[in-house]
Structures are given as structure tokens and as C-alpha cells.
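Down below is the structure, laid out as C-alpha cells.
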Amino acid sequence: MRTIKLTIEYDGTDCCGWQIQPSGRSVQGELCRAVRKMTGEENHVIGASRTDAGVHAMGQVAHFRTSTMIPPMGFMNGINSQLRGGRVGFHDISVIGAEEASTDFHAQKDAKAKLYRYMILSSPAPTALNADRCWQVREKLDVTAMKKAAKCLVGRHDFKSFQATGSSAKDAVRRVYKIVIASAAKQSRSFVWNDNLISIDI
29 MRTIKLTIEY DGTDCCGWQI QPSGRSVQGE LCRAVRKMTG EENHVIGASR
79 TDAGVHAMGQ VAHFRTSTMI PPMGFMNGIN SQLRGGRVGF HDISVIGAEE
129 ASTDFHAQKD AKAKLYRYMI LSSPAPTALN ADRCWQVREK LDVTAMKKAA
179 KCLVGRHDFK SFQATGSSAK DAVRRVYKIV IASAAKQSRS FVWNDNLISI
229 DI
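Under my numbering, the sequence shown has 48 at position 20, and the numbering climbs by one with no breaks.
Written out as C-alpha cells, the structure reads:
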């Protein structure tokens with residue numbers, strides 16, 4: 029069996045999250061459906077992270093196993109042609125890279141680190157173009173104070189108090205390597221330029 033590694037980006041607005049759910053459209057479900065149609069096999073696409081409903085990703089890594097001889101680029105093009113957008117004419121899931129990986133590669137178990145970006149709009153006026161990309165706080169935020177407070181989260185800590193009720197995680201201890209809080213203006217192609225956007229990279 030071959031192992032194919034995928035790099036994926038997606039807009040999670042119209043998805044119930046990464047993981048297949050009993051009802052609702054998921055990123056994993058769409059990818060599994062596309063791979064199954066290409067290979068005729070009951071493949072299971074495993075991702076490095078299980079993002080929640082409405083969460084977007086720019087470099088999600090996933091893998092699946094196959095006995096077919098379809099080349100990696102063939103999978104990238106074929107899967108993309110099978111993916112349907114959540115809204116008409118809108119391609120909200122895209123495979124941006126595919127490669128042959130070692131047979132024992134596992135996207136989740138082999139992940140070394142992850143980067144999470146949280147966006148805050150510090151403005152009394154709502155945003156039309158970034159509405160599904162940020163959380164609005166009407167008051168003016170003190171970024172200097174935020175940076176100072178964030179320092180206590182860097183390092184190895186038990187984050188159990190941050191878990192949702194009924195979480196399946198066996199261990200809540202994680203290491204935060206760095207937290208960067210800055211103006212998001214002109215910083216990322218995922219956001220329309222706005223001086224009032226603050227990014228928190230963890």
C-alpha cells in the first residue's frame with residue numbers, strides 16, 4: 029500500500045468542521061468522497077488537526093493509503109475536480125499539494141508543531157469582508173497589555189481549563205513555543221486589509 033500526503037487549505041464557513049459527523053458537510057467527508065470516487069477503495073483521509081465548525085486552514089496536512097498507481101499530482105488534480113463548493117461557484121476546499129510519503133507516515137502522529145491564528149477586530153463598526161474571519165470587540169484593545177499577559181501562556185502547561193466539556197483528549201498538557209500579537213494589516217492573504225485587525229499567532 030502507498031501513502032499519499034496531502035496539503036490542504038479550506039474555508040470552513042459552510043462545514044461542520046474537519047471530522048465526519050452524522051449530519052452536516054465536513055472537510056474530511058468531502059475528501060474521503062473524492063478519493064473514494066477516484067480509487068474505488070474505502071479510503072480514510074486522516075488530518076493532522078481536527079478543526080471545529082467554521083474554522084479555516086491554510087496548511088492542513090492529511091494522508092490516506094491506496095493500492096492504486098495514480099501519481100500524487102494526479103490525486104491533487106483529481107480530488108480538486110471532485111470537490112464541490114459549499115456555495116455555488118465557490119471552491120471552499122482545495123488540495124494545494126500532494127506527494128508520496130513513507131508507508132509509515134501519519135499526518136496526526138508525525139506532526140511536530142501547529143500554528144493557530146486568531147483574529148480580533150477592535151472597532152465599533154462591523155466588518156463586511158472579514159465577518160467570517162474574526163471576532164469583533166467594539167472597545168479599543170490595549171495590544172501592549174495583551175502581549176504582556178500572553179507571556180504567562182508560553183511554555184509547558186496543563187490547559188485542561190480551556191477544554192470543552194466532554195473532550196476526548198487524554199492529556200491536556202501542551203507546550204506553547206511562542207505567541208505573537210500584532211496588527212494584521214497587510215499581513216495575510218486571508219484577510220482584507222484593515223488597520224483595526226489584530227492577529228494572535230500561537
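All residues carry an ideal CB built from backbone N, CA and C; glycine is no exception.
Keep in mind it's a predicted model, so treat the numbers as computed, not measured.
- Around the beta carbon of Glu-58, 16 or more other beta carbons lie within 10 angstroms, which makes this residue buried.
- Beyond the five residues adjoining it in sequence on each side, Val-73 comes within less than 8 Å, by CB distance, of Leu-34, Gln-56, Leu-59, Cys-60, Val-63, Ala-90, His-91, Phe-92 in the same chain, given in chain order.
- With a cutoff of 8 Å on beta-carbon distance, Asp-223 and Val-208 are scored as not near each other.
- Assignment of Ile-107 by DSSP, reduced to helix, strand and coil, places it in the helix class.
- In this model, Ala-210 and Ala-159 are separated by some 19 Å (Cα to Cα).
- The criterion of a C-beta distance shorter than 8 Å is satisfied by Ser-95 and Met-29.
- One alpha carbon belongs to Tyr-146, the other to Ser-227, and they sit about 6 Å apart.
- Each residue's CA atom was taken as its position, placing Glu-128 and Gly-87 some 17 Å apart.
- Residue state for Lys-142 is assigned as coil, using DSSP reduced to three classes.
- Under the DSSP assignment, Glu-127 falls outside any alpha helix (DSSP H), being part of the beta strand (DSSP E) whose first and last residues are 121-129.
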